[in-house]
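Asker: Numbering-wise (the numbering used here), the sequence shown opens with residue 7 and increments by one. Glycine is no exception: its CB is placed at the ideal position from the N, C-alpha and C atoms. Quantities reported herein were computed from a predicted structural model and do not represent experimental measurements.
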Amino acid sequence: ATSAERMFMRRLGAGCFLPVAAYGEVVGETLMLRGLVISLDGQRQVRVQQSIRWTTEDALEEAELLGIKVAEQALEQGAREIIDSLLPTGEQERLHA
Numbered sequence: 007a008t009s010a011e012r013m014f015m016r017r018l019g020a021g022c023f024l025p026v027a028a029y030g031e032v033v034g035e036t037l038m039l040r041g042l043v044i045s046l047d048g049q050r051q052v053r054v055q056q057s058i059r060w061t062t063e064d065a066l067e068e069a070e071l072l073g074i075k076v077a078e079q080a081l082e083q084g085a086r087e088i089i090d091s092l093l094p095t096g097e098q099e100r101l102h103a
């Protein structure tokens with residue numbers, strides 16, 4: 007679960023200074039990842055969630071792919087605009103590269 011969380015954060019370019027959260031949880035044979043990107047004033051939020059069947063075979067790779075997919079979903083739903091509004095222009099360009 008932590009691999010999925012880390013990949014979500016990495017794909018969004020989020021460190022500890024951006025209002026971005028990820029929570030992965032294994033329940034039975036399912037890995038669920040929830041992601042949140044929120045503006046500083048709390049007015050804009052992007053909440054995303056996806057899950058995959060969880061097995062020990064290829065677990066790390068599958069978890070990382072889930073993190074990327076959930077991050078891409080967040081970006082499509084407006085997370086990029088929220089994150090860009092919080093970053094200096096040079097950092098925005100680095101994330102879009």
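My guess is that V52 and V43 are in contact by the Cβ rule of under 8 angstroms, so how many angstroms apart are they, rounded?
Answerer: Indeed they touch by this definition, with Cβ atoms about 5 angstroms apart.
Asker: Decide if the segment 57 to 71 is in contact with the segment 82 to 90; the criterion is three or more beta carbon pairs, one per stretch, under 8 angstroms apart.
Answerer: Result no; under three Cβ-Cβ pairs closer than 8 angstroms.
Asker: If you drop the 5 nearest sequence neighbours on each side, which residues of the same chain put their C-beta closer than 8 angstroms to that of S91?
Answerer: S45.
Asker: Cutting at 7 angstroms between CB atoms, please list the residues of its own chain near K75, excluding the five before and the five after it.
Answerer: Here the set comprises Q56.
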